[in-house]
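The sequence shown runs 9 to 523 under the UniProt record's numbering. Backbone N, C-alpha and C define an ideal beta-carbon position, used for all residues, glycine too. The structure appears right after this line, and notes come after that.
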Amino acid sequence: TVLVVDFGAQYAQLIARRVRECHVFSEIVPSTMPAAEMRARNPKAIILSGGPASVYEAGAPVAPEGLFDLGVPTLGICYGHQVMAQALGGTVENSDIAEYGGATVVVEHPGTLFEGLPHEQAVWMSHRDYVSRAPDGFTVTARTDVTPVAAMEDRERGFYGVQFHPEVLHTEHGMEVLRRFLYEAAGCRPNWTMANIADEAVEQIRAQIGSGRALCGLSGGVDSAVAAALVQRAIGDRLTCVFVDHGLLRKGEAEQVEKDFVAATGVNLHVVDAQERFLAALDGVVDPEQKRKIIGREFIRVFEEAAREIVTGKPGEEPVRFLVQGTLYPDVVESGGGTGAANIKSHHNVGGLPEDLEFTLVEPLRTLFKDEVRALGEQLDLPAEIVWRHPFPGPGLAIRVIGAVTRERLDILREADAIAREELTKAGLDRDIWQFPVVLLADVRSVGVQGDGRTYGHPVVLRPVTSEDAMTADWARLPYDVLQKISTRITNEVREINRVTLDITSKPPGTIEWE
Ligand code: XMP
């Protein structure tokens, strides 16, 4: 494993992902973790991430004591580079001139990290403090106009530092620099592959569940589907999946789970039709938070009932003690740094975990990022429609009908949504777009003209976004002809809609969903 020491903000997650793209497993650990604990994880390499602080500030995070005595090859990036320089006797200074954005580094000595790479390279910088003098024993390998020590290394001791960000795509040869650190400096092997991950996960699940039985709530999303497929591979028909059709799903969604997923995996599936129940509970409710609470509560009740039905299904069978959850690595990191018990945010609970049910959790995706889960789904031969499905919120279309939720409104939205998704797929853009909500402004009407008649219909909002992790997002610049086709088809084919609008707000300030 490679430990990525987190000095703050979101830098560490991106670095960890890039390391994994080099087929080397990486884990994020907090900068407060004692060096002895790091040593216990037996890391092949350590990477010190960037961070928002300045090394002079009181209380600024520092490297754990003894970190540089572990004898583990270490790479400092940005703030991590400065931390390394300061800890080993170099000098860090504050400059009047900041360096934000694109810059050019000039390689003075190729050293280990730049061997075979061009003399001048475009890099991404984001700093004001800088290393003005490298510690003794280090060679300065690159500089920029404003940064005298843009990269340094002490090959003998295995210490490497770069002021720029090799993990961002704007750094031309960033991946190459990272690869050279991992393979050449630290001797890592690129053996973290999806096939190995799947095999290991299956083995671990078998060890955990033994001869027991497990239950998995399927949401229709990729995470729960991949988690279920893995567990099914491990324990076969001792897994039962429960799918709650709350009537807030997109067109074809229930069928996809019932047919495609079962066809691909042969899993035991228990479908609950709870449409009436959810509609009744949501009757007249307009407030978004109230909608979410009601849906979460009803979901848990339905799920519990289903769990009981399964347990008492056949006489003399073992009780179900394990609950499979599609928890991902970002959730684990955000809820406390990758150690300790599962602490899943309520956001992710909807569609999943009834907390007071006494189950032991099985979370085979706990160490993976979303894109890795997709790759794993492909490795497990799940259908592309499932693997590449866009994320869909647990509360479903209920939080995309702005206003009270009725069956009629859901039907209207479901048709419009299906058209938008169909055209996106036809244009071959599914994988470029993170998510594409369509939102029905159910209490708004506007005047239109269709044929020779006046209409007084509802608007929908198209909300296509790009994102890496849903924490931040940008509105997607869909081609005009695709937007045009969607608009024409929706107004032609969905009678109640006479206006199509486009949401061009990034997140922040807007969230992805409207409610
Ligand atoms: P927002 O709207 O907060 O959404 O930008 C971020 C991501 O989370 C999804 N989302 C949810 N997912 N249960 C879920 O499982 C929820 O209650 C929920 N609310 C939002 C949203 O679709 C986006 O991907």
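The ligand XMP heavy atoms versus the CB of T149: any closer than 6 Å?
-> no
Between A314 and the rest of its own chain, which residues show a CB-CB distance below 8 Å, the 5 nearest in sequence each way excluded?
-> V250, V252, H278 and V280
Between D153 and F330, what straight-line distance do the alpha-carbon atoms span, to the nearest angstrom?
-> 59 Å
At which residues does the alpha helix (DSSP H) containing Y191 begin and terminate?
-> Y191 -> no alpha helix (DSSP H), and no H or E assigned at all.
Heavy atom of the ligand XMP within 6 Å of T519 beta-carbon | yes
From P487, W483 and V490, pick the residue whose C-alpha is nearest to that of P517; which is it?
-> W483
Could you tell me which of E175, N50, S227 and D137 sits nearest to V91, measuring between CA atoms?
-> D137
Counted within 10 angstroms of its Cβ, other Cβ atoms place P403 as buried (16 or more) or exposed | buried
Under 7 Å between the Cβ atoms of L226 and V239?
-> no
Got a sec: does the ligand XMP put a non-hydrogen atom nearer than 6 Å to the Cβ of P296?
-> no
For T496, the three-state DSSP class (helix, strand or coil) = helix
The alpha helix (DSSP H) with L22 in it runs from where to where?
-> Y19 to E29
At a cut of 8 Å, does the segment 428-443 reach the segment 460-475 through at least three beta carbon pairs?
-> yes
Looking at the structure shown, is Y64 part of a helix, part of a strand, or coil, going by DSSP?
-> coil
State buried or exposed for V13, treating a residue as buried only when at least 16 other CB atoms are found within 10 Å of its CB.
-> buried
Whole-angstrom distance between I105 and F122, CA atom to CA atom = 26 Å
Please report the residue range of the beta strand (DSSP E) in which M160 lies.
-> A159 to D162
Output the boundary residues of the beta strand (DSSP E) element that contains A150.
-> T147 to R151
Between I352 and Y337, what straight-line distance do the alpha-carbon atoms span, to the nearest angstrom?
-> With a pLDDT of 30 at I352, under the threshold of 50, the modelled position of that residue is not reliable, and the figure given next carries that caveat. I352 and Y337: Cα-Cα distance of roughly 11 Å.
So, do the segment 365-372 and the segment 397-415 have three or more beta carbon pairs nearer to each other than 8 Å?
-> no
What residue does the beta strand (DSSP E) around E128 start on, and which one ends it?
-> E128 to R141
So, is L177 buried or exposed, given that buried needs 16 or more other C-beta atoms within 10 angstroms?
-> exposed
Please specify which runs of the beta strand (DSSP E), each continuous and at least 3 residues long, are wholly inside the segment 432-476, giving them in chain order.
-> 446-449, 454-458 and 461-470
Measuring from the CB of P401, is there a heavy atom of the ligand XMP at a distance below 6 Å?
-> yes
Is S103 helix, strand or coil by DSSP?
-> strand
Assuming I55 contacts I85 under a Cβ cut-off of 8 Å, what Cβ separation, rounded to an integer in Å, is found between them?
-> 7 Å
Residue(s) in a DSSP beta bridge with F330 = A222 and T368
Residue range of the beta strand (DSSP E) that D253 falls in?
-> L247 to D253
Contact belief for E380 with R28 at Cβ below 8 Å, rounded distance in angstroms = 7 Å
Between the Cα of D477 and those of Q21, G334, S39 and G110, spot the shortest distance and give me the residue it belongs to.
-> Q21
Go ahead and label D231 buried or exposed: buried means 16 or more other beta carbons lie within 10 angstroms of its beta carbon, across all protein chains shown.
-> buried
Count the CB pairs spanning the segment 206-215 and the segment 163-174 that are closer than 8 Å, and state whether there are at least three.
-> no
Excluding the five sequence neighbours on either side, which residues of its own chain have a C-beta within less than 8 Å of the C-beta of G79, listed in chain order?
-> G166
Residue environment, D162, which counts as buried when at least 16 other CB atoms sit within 10 Å | buried
For F189, the nearest candidate out of V508, R26 and I394 (CA to CA) | R26
Is there contact here, the segment 190-210 with the segment 292-308, by at least three beta-carbon pairs under 8 Å?
-> no
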